[in-house]
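Take the sequence shown: its letter number 367 is residue 366 in numbering that gives the first Met the number 0, and every next letter is one higher. Where is the CB? At the ideal position from N, CA and C, for every residue including glycine. Quantities reported herein were computed from a predicted structural model and do not represent experimental measurements. Step one of this worksheet: look at the structure below.
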Amino acid sequence: MRRVYCDANATTPLLPEVMAAMRPYWMEEFGNASSIHLQGQKARKAVDYAREALAGFFHCREAEVVFNSGGTEGDNTAIFGILRAGDHFITTSIEHSAVLRAADRMAERRVDVTLVAPSKDGLIDPEEIRRAIGLSESRRTLVSVMLANNETGVLQPVEEIGRIAEEAGAYFHIDAVQGAGKVEFDVRRFRCHMCSISAHKMHGPKGVGAMYVRRGTPLEPLIVGGSHERRQRAGTENVPGIVGLGKAVEMAMAGIEDGTMERIAQLRGQLETGILAIPGTRVNGGRAPRVANTTNIHFEQLEGEALVIALDLKGIAVSGGSACHSGSTEPSHVLMAMGLDKNAARASLRFSLLKTATDEDVDQILRVVPEAVKHLRALAPEAAVTLG
Ligand code: PLP
0 MRRVYCDANA TTPLLPEVMA AMRPYWMEEF GNASSIHLQG QKARKAVDYA
50 REALAGFFHC REAEVVFNSG GTEGDNTAIF GILRAGDHFI TTSIEHSAVL
100 RAADRMAERR VDVTLVAPSK DGLIDPEEIR RAIGLSESRR TLVSVMLANN
150 ETGVLQPVEE IGRIAEEAGA YFHIDAVQGA GKVEFDVRRF RCHMCSISAH
200 KMHGPKGVGA MYVRRGTPLE PLIVGGSHER RQRAGTENVP GIVGLGKAVE
250 MAMAGIEDGT MERIAQLRGQ LETGILAIPG TRVNGGRAPR VANTTNIHFE
300 QLEGEALVIA LDLKGIAVSG GSACHSGSTE PSHVLMAMGL DKNAARASLR
350 FSLLKTATDE DVDQILRVVP EAVKHLRALA PEAAVTLG
């Protein structure tokens, strides 16, 4: 059976070019980038080259790029590295758990935490952030808002939020894990102090990421030890991973310029049109600006998890929400924050297209989904009566 993977927001496969760039650094070029001999120098050169690519991607200085293990570490570092007891942390109720669980820990450590809720379209209103900053008075404040939501794809107004944070003298971190590589990207325009990205969401390897840290930001390292990464993140550099991330961001930048995202937006449009022809369906966050590859669909009177399993058996991989919560039956905190009740949140599925998605993939999804929905609804007769 031909399988269609439509869960890019959970993770993506390496592009062949990324694999080819990484391959030598596991075997022939295995040096430690801190060693002074030839093998070490070759590894250092590879890391420097990737740092240059990342600086181009973020639009920052090379010295402002810190390599790490991915989005969770970046989010944790920004939060734990800035905030102390008595400070004020402002974030949103639709963030990834890497931010929300860090916020919980900060609250336990006597940081005052304010969670801003989204509109029913999944958008954060910058004026709500301004109001929250107003509660800070003279306390040190960190604002952390995601660029794109992982479940709905909704793009947040980070430029406006950045302006508001700057005016108020607050620090600003962006979790750009889901937006990076999908939209035009420039940390100067976002006016942020820190920004976290992850390679595996953009056709790079798992377990590696990077953070932009604006020069002069008083960020305490999360991991201490050797003097790697200008003492901002200790630990022997993951050279193959860093090389892969560098190549992935180069490919992502090229993809934004060559119209790949327009093509994906068109495929997403076809997918939505096809699915919305099924009675009792609607797009969560569909009226807000979104990244091109994501759509989150509410299938009325259906158990989302049952549909995920039914689709998987038919060769289609989608997700009921964040991959990080898979295995949990908790309804999505993002959809609930947007005002969906528990049943509606549980009846919603995320389709997220890979950059390599094709018309054939979408056609195959559309051949399978209506039938699977009809079949599952037939098992719940009250739904079949009202929705046909
Ligand atoms: N932030 C967002 C918005 C994400 O979607 C994810 C992963 O799903 C993360 C952070 C965590 O990134 P990583 O898997 O690299 O730790």
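1) Can you check which of these residues, N149, L146, C191, G178, is closest to A167 by C-alpha distance?
2) Following the continuous beta strand (DSSP E) through D174, name the residue where it begins and the one where it ends.
3) From V333, S135, E370, pick the residue whose C-alpha is nearest to that of G121; which is it?
4) Is it true that the region 33 to 50 meets the region 212 to 222, where meeting means three or more beta-carbon pairs spaced less than 8 Å apart?
5) Assess, as a yes-or-no matter, whether the region 156 to 175 is touched by the region 108 to 120 under the definition of 3 or more beta carbon pairs within less than 8 Å.
6) Can at least three beta-carbon pairs, one atom from the region 296 to 312 and one from the region 83 to 90, be found at a separation below 8 Å?
7) Taking the beta strand (DSSP E) that N67 belongs to, which residues open and close that run?
8) Just to check, is the beta-carbon of Q95 closer than 7 Å to a non-hydrogen atom of the ligand PLP?
9) Any heavy atom of the ligand PLP within a distance shorter than 7 Å of the CB on S197?
10) What first and last residue would you give for the beta strand (DSSP E) that runs through R262?
11) Within 10 Å of its beta-carbon, does M0 have 16 or more other beta-carbons around it, so buried, or fewer, so exposed?
12) Is F189 near E158, with beta carbons less than 8 Å apart?
13) Please name the residue or residues paired with N295 in a DSSP beta bridge.
14) Check whether the region 267 to 286 touches the region 191 to 206, counting contact only when three or more Cβ pairs, one atom from each stretch, lie closer than 8 Å.
15) Any heavy atom of the ligand PLP closer than 7 Å to the Cβ of Q177?
16) Assess contact between the region 329 to 343 and the region 12 to 27, defined as three or more Cβ pairs (one per stretch) separated by less than 8 Å. Is contact present?
17) Check whether the Cβ of M145 sits closer than 7 Å to any heavy atom of the ligand PLP, and report yes or no.
18) Please determine if the region 222 to 240 and the region 51 to 58 are in contact, where contact requires at least 3 C-beta pairs separated by less than 8 Å.
19) From R267 to L348, what does the alpha carbon distance come to, in whole angstroms?
20) So, at 6 Å on beta carbons, what are the nonlocal neighbours of R2 in its own chain, with the 5 sequence-adjacent residues on each side left out?
21) Helix or strand or just coil, what does DSSP make of H58?
The relevant details are as follows:
1) Ranking N149, L146, C191, G178 by Cα distance to A167 puts C191 first.
2) That run of the beta strand (DSSP E) goes 170 to 174.
3) Per the Cα distances, V333.
4) Judged by Cβ distances under 8 Å, the region 33 to 50 makes no contact with the region 212 to 222, as fewer than three pairs qualify.
5) Cβ pair count under 8 Å is below three, so no.
6) No, because fewer than three Cβ pairs between the region 296 to 312 and the region 83 to 90 fall closer than 8 Å, the two stretches do not touch.
7) Taken as a continuous stretch (DSSP letters only), the beta strand (DSSP E) holding N67 covers 64 to 67.
8) Here residue 95 is His; the residue named in the question, Gln, does not match the sequence. In terms of side-chain proximity, the C-beta atom of H95 is found nearer than 7 Å to a non-hydrogen atom of the ligand PLP.
9) Distances taken from the Cβ of S197 to the heavy atoms of the ligand PLP include one shorter than 7 Å.
10) Where R262 is concerned, there is no enclosing beta strand (DSSP E), although the alpha helix (DSSP H) it sits in stretches over 259 to 275.
11) By the 10 Å Cβ count, M0 comes out exposed.
12) Going by beta carbons, F189 and E158 fall inside the 8 Å limit.
13) Residue pairing for N295: DSSP places it in a beta bridge opposite R349.
14) No: fewer than three Cβ pairs fall under 8 Å.
15) Yes; taking the cut-off as 7 Å, the Cβ of Q177 has a heavy atom of the ligand PLP nearer than that.
16) With fewer than three CB-CB distances shorter than 8 Å, the region 329 to 343 does not count as touching the region 12 to 27.
17) Yes; taking the cut-off as 7 Å, the Cβ of M145 has a heavy atom of the ligand PLP nearer than that.
18) Per the Cβ contact rule, the region 222 to 240 is not in contact with the region 51 to 58 (fewer than 3 Cβ pairs under 8 Å).
19) Those two C-alpha atoms are separated by around 14 Å.
20) Cβ neighbours of R2 beyond the five flanking positions: G314.
21) Under the three-state reduction of DSSP output, H58 falls in the coil class, being neither helix nor strand.
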